[in-house]
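For reference, the structure discussed in these notes is given below.
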Amino acid sequence: MRLGLWLLISLSIDLLAILCAPAADDLEQLEQRAFTAAAARVAPSVVSIETVGGLETVNKMLVGQGATTGLIVSSDGYIISSAFNFIQKPTSILVGFADGTRAPAKIVATDRSRMLVLLKAAVEEKLVVAENAPEAELKVGQWSIALGRTFDSAQINVSVGVVSAIGRVWGKAVQTDAKISPSNYGGPLVDVRGRVVGVLVPMSPQSTAEVAGVEWYDSGIGFAVPMSQVLASFERLKSGQDLYPGILGVVLKQGDMFADLVECSGVRPNSPAYKSGFKRGDKIVAVNGREIASRAQLSREINRRYAGESLKVTVARGEQKLERELQLIDKLEPYERPFLGILPQRDRGKGEPAGVVVRYVYADSPAAKAGVQIGDRLVNVAGEAVTDRAALTSQLADVVIGEKLAVEVSRAGKSVKLELIPSREPAEVPAELPLAKAANTDKAENSPATGDVPLKIAEHATQFTVYAPATCETRRPHGVLLWLHGTERPQSENIVNVWKPLCDQYELILVVPLAGQGQWQPADAEAISKALESLQKSHPIDPARIVAHGLQSGAILAQRLAATQRELIRGVAIVQSQILAPFPENDPATPLSWLVAHSKAIDIATGLDALRKAKYTVTTQSQGEKARYFVDAERNEFLRWIDTLDRL
Amino acid sequence: MRSVVTLVVLLALVTPLTAAPLTSVIPQVQPKQVKIYGAGGYRGLEAYQSGSLISATGHVLTVWSYVLDTDFITVTLHDGRKFEGKLLAADPRLDIAVLKIEAQNLPHFELAKAPLVEAGTRVLAFSNLYGVATGDEPVSVQRGVISVRSRLHARRGVYETPFKGQAYILDAMTNNPGAAGGALTDYDGRLLGILGKELRNSQNNTWLNYAIPIPEAAKTIEDIVAGKYVNVPTEDVASKPKQPLSLELLGIQLVPDVLPRTPPYIDRIMPGSPAASTGLRPDDLVLFINGRLTAACATVRTELEYIDRIDPVSVTVLRNQELIDVQLRASADANP
């Protein structure tokens, strides 16, 4: 009897197990209940944020006026949210709690690396803090539920997805395929048990701008900063300290981001790397003892750290290995290009030895003071042999202004050792400049097309007229003059007729695009970049003398091209136009020079001021009362300015 | 014996969870969907949308749009049969319309069985978005959850839709060209809502995906089907009063409105005015008028235009990081 009963019980337990092992569709329903329960569990810690006043647009993007979301992180009123929710710099912030009460709040500090903001709400009662999910338990593929409180302050809005990656954006974010947008930025990403995994933010591995990553809203690519990282910086934020991404101060040699070793092509003056004695040519091989084999790995080590953090960096210099402890900083001093005061010969004659021949010496320049003469061949700078003009340019990129520099020249077959003190670049263009003389005038094999060169960019409406001087046949480096028309679309022939003889003289290829649809559009900028790339393949282009020159709306386009095509454009010359602000920082690897022709009709004082603060070299031409295009003297100065873009 | 009882009880507990798997639900729902072709086809306006069969005799529920603004509406069934659609009626307030085709024994949704569900509910969206399906091809299916059930007109002038009820906001990208009129169902294939048009959420400049819950529209739909529906005027119900309130009547002067979003700080309180007696002060920041957030000077003026000058108004201001509520009423001499 007893046995019978046991049998029945055990049988029923077996049956129970079978019944409880849910079929796929039961699982769907159980999961749905779990989502709702998880959301409800965290809901009391999710607040809505409303703002009063502030800007209407940020970076040309219309900023929403609707509510955004925040997460309570301590019971005494601290709330973490996404920095995106405050880009309009509101006058006043109000936090709405789950129980319907509201309280004013203030921004305590901002984390510019993880794009978070810490708020303090004026509350008297204790707030509910949600439980956090242990980071070690987090697995790709697990459910993740994104919460916001934006549609209705009395309810939370829910989106369900999975964790799609861990350690994204240089280790700063968990990725999810739940729908992340301004509707839940600042809210929590929670696991299926209702524990907080992270705080939702727009982010981009490519950019640190405050609106970066917003273009991916609702796309299935969403990011959350893990709670462990939020809490790690909580105390610092609480003390009112803004946090910034850490900067090392090395300029890295371009190449395959994932395969090539990390070689410094330059070290920024006064940066942590500079103070540690790192030099151009050093290879970064380890950070805090962890091996670094690619730029991507270095980015992962540096980008997740804040300014002020210390780390040990190991570099390889030849056979030697050096380990230095250094402290990351938040901001580099603007880069200022050092100046020796010479113009180099651009090509080399047959059988000529290595080095760079001096074509011109600026009056009163460091080179003139040290006794450098026209025809001298620079063979060694700071103990390093000079091979050619391109190598010398990068050798000089991180030379420090005001510090002695040993230079060896070869003069009439004899070695002469000199000492130069590099200075700032002059803004003035020499009033007289002898034309560059070719060292090599022989026609090269496979010489490119000259005269009127046909150029069409597929799938773009932009029309191009291109003129290449006959001297291109020697494959000597030629500059590029990109002539961008203003509000009125001109006849290309008229432009070409004026500039042809000048381009012959100064060895410039003239490129005159016409806007595809009357006015310049973003598509034109794309077509122009492609045209320049295509010319670089077909013609002997001097990378140091590619100039974007424009009038009115063409000047705006010229600046946009200069800002976005940094590796391409070395000079921007604008007439009758405002200066775009903020303009990207100057960079040793891709320096940019400015020529600004202005009249009293347009106020450019603030723009000029910003460029000079950013240590750009700006040549100005003041045109008096009325806005107009270049007169002859100004045009000639403009041509000489182009001729000095490869100055050293 | 006892165990057997337990077993029965357990069975009873487990059974309600059982539902058909999605692989069988979806093919059952797809035939209840139709493809609607009508006006449009120029300037980026698609000439098609989606619809759901709600009777065996050819009643099609869809969204009211320009596509239906023609005498030639074509309705294509799941099996590829084409019918001429006749517009029975449209309710512009709900943004819905009902068409009739001459056909019999059609698979259809049961309107009366449509439940009202809460946030977090898993849903399927059936529609011919982007016109991907043609002829006898089944319509497309998307899945997601209901993000929240909320009114679309949470703020004045925020959403450009006439629908004033509580809509289902979805976390799937459902509201795309051609999807309007599609069906939102639960995982059992029960009709929950009708997919709305493409809509920009001007609160945060994102695209909004939403559906109109069937219980909100069931009465109207039944009336249309029964031929009892009477057209209503389309004016906004929440119209402004003839004699609205104004800042001048309250005796409040705000700072000069010079920015796109000038924060509404009080500049002056007129002596002897209603505001003066409530203790409002210069430099107070006006945050709420009758509980509605006033993010800028212009919003304060707009909000007051919706309040009759004979009604009291509650104003919340921020002073030294403290919220202060006051009740105000326009002065008596403002009511001649």
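Note that the protein sequences, when read in sequence, are chains R and V.
FYI, this note's numbering numbers position 643 of the first sequence as 643, with every residue one higher than the one before it.
FYI, this note's numbering numbers position 108 of the second sequence as 1108, with every residue one higher than the one before it.
Note that CB positions come from ideal geometry on N, CA and C, so glycine has one too.
Query                                                                                                                                                                              : Result
Kindly say whether residue 1071 of chain V, judged by its beta-carbon, lies nearer than 8 Å to any beta-carbon of chain R.                                                         : no
Near residue 1257 of chain V, which residues of its chain fall below 6 Å by C-beta distance, leaving aside the five closest residues on each side in sequence?                     : 1297
For the stretch 97-114 of chain R, which residues have a beta carbon sitting closer than 8 Å to at least one beta carbon of chain V?                                               : 102, 103, 104, 106
Compare the C-beta of residue 1199 of chain V with all C-beta atoms of chain R and state if any pair is closer than 8 Å.                                                           : no
Using a cut-off of 8 Å between C-beta atoms, extract the partners of residue 188 of chain R located in chain V.                                                                    : Within 8 Å Cβ-Cβ: nothing; residue 188 of chain R doesn't reach chain V, min ~15 Å.
Count the other CB atoms, across all protein chains shown, that sit within 10 Å of the CB of residue 333 of chain R; report buried if there are 16 or more and exposed otherwise.  : exposed
For residue 213 of chain R and residue 102 of chain R, I'd like the C-alpha separation in whole angstroms.                                                                         : 30 Å
Find out if the Cβ-Cβ distance for the pair residue 1186 of chain V, residue 1192 of chain V is shorter than 8 Å.                                                                  : yes
For the stretch 444-451 of chain R and the stretch 398-412 of chain R, state whether three or more C-beta atom pairs, one from each stretch, are separated by less than 8 Å.       : no
When we look at the beta-carbon of residue 435 of chain R and count the other beta-carbons within 10 Å, is it buried (16 or more) or exposed?                                      : exposed
What's the C-alpha gap between residue 1206 of chain V and residue 1322 of chain V?                                                                                                : 33 Å
Are the beta-carbon atoms belonging to residue 314 of chain R and residue 286 of chain R less than 8 Å from one another?                                                           : yes
Using a Cβ-Cβ distance cut-off of 8 Å, determine whether residue 1114 of chain V contacts chain R.                                                                                 : no
According to DSSP, is residue 51 of chain R helix, strand or coil?                                                                                                                 : strand
Are the stretch 1242-1252 of chain V and the stretch 1273-1290 of chain V touching by the rule of at least three beta carbon pairs closer than 8 Å?                                : yes
How would you call residue 1407 of chain V, buried or exposed, if buried means at least 16 neighbouring beta carbons within 10 angstroms?                                          : With chain V covering only 1001 through 1336, there is no way to say anything about residue 1407 of chain V.
Terminal residues of the continuous beta strand (DSSP E) containing residue 450 of chain R?                                                                                        : First-last for residue 450 of chain R: undefined, no H or E at that position.
Nearest-angstrom Cα distance between residue 235 of chain R and residue 132 of chain R?                                                                                            : 17 Å
Using only the alpha-carbon positions, how far apart do residue 1117 of chain V and residue 72 of chain R sit?                                                                     : 28 Å
List, in chain order, every chain V residue whose beta-carbon is nearer than 9 Å to that of residue 690 of chain R.                                                                : Residue 690 of chain R lies beyond the range of chain R shown here (1 to 648); nothing can be said about it.
Residue 122 of chain R versus chain V: which residues are under 8 Å apart at the beta carbon?                                                                                      : 1321, 1322
Determine, for residue 77 of chain R, whether the minimum Cβ-Cβ distance to residues of chain V falls below 8 Å.                                                                   : no
Please report whether the beta-carbon of residue 1284 of chain V lies at a distance below 8 Å from any beta-carbon of chain R.                                                     : no
Does the count of Cβ pairs from the stretch 340-347 of chain R and the stretch 610-623 of chain R closer than 8 Å reach three?                                                     : no
Which residues in chain R have a C-beta closer than 7 Å to the C-beta of residue 1206 of chain V? List them in chain order.                                                        : 181, 182, 183, 217, 218
Do you know how far the Cα of residue 321 of chain R is from the Cα of residue 507 of chain R?                                                                                     : 46 Å
Taking the beta carbon of residue 424 of chain R as the centre, do at least 16 other beta carbons fall within 10 Å, making it buried, or is it exposed?                            : exposed
With DSSP as the reference, label residue 222 of chain R as helix, strand or coil.                                                                                                 : strand
Please state if the CB of residue 346 of chain R and the CB of residue 317 of chain R are separated by a distance shorter than 8 Å.                                                : no
Classify residue 1240 of chain V as helix, strand or coil using the three-state DSSP reduction.                                                                                    : coil
Measure from the alpha carbon of residue 1114 of chain V to the alpha carbon of each residue in V:1184, V:1264, V:1268, V:1037, then state which is nearest.                       : V:1184
Measure the alpha-carbon distance for residue 584 of chain R versus residue 223 of chain R and round it to whole angstroms.                                                        : 26 Å
Output the distance between the C-alpha atoms of residue 319 of chain R and residue 251 of chain R, rounded to the nearest integer angstrom.                                       : 22 Å
Residue 1347 of chain V to residue 44 of chain R, Cα distance in whole Å?                                                                                                          : This structure does not reach residue 1347 of chain V, given that chain V is present from 1001 up to 1336, and the question cannot be answered.
Within this structure, are the beta carbons of residue 166 of chain R and residue 217 of chain R separated by less than 8 Å?                                                       : no
So, for residue 140 of chain R: in the same chain, excluding its five sequence neighbours on each side, which residues have a beta-carbon less than 7 Å away from its beta-carbon? : 163, 164, 165, 166
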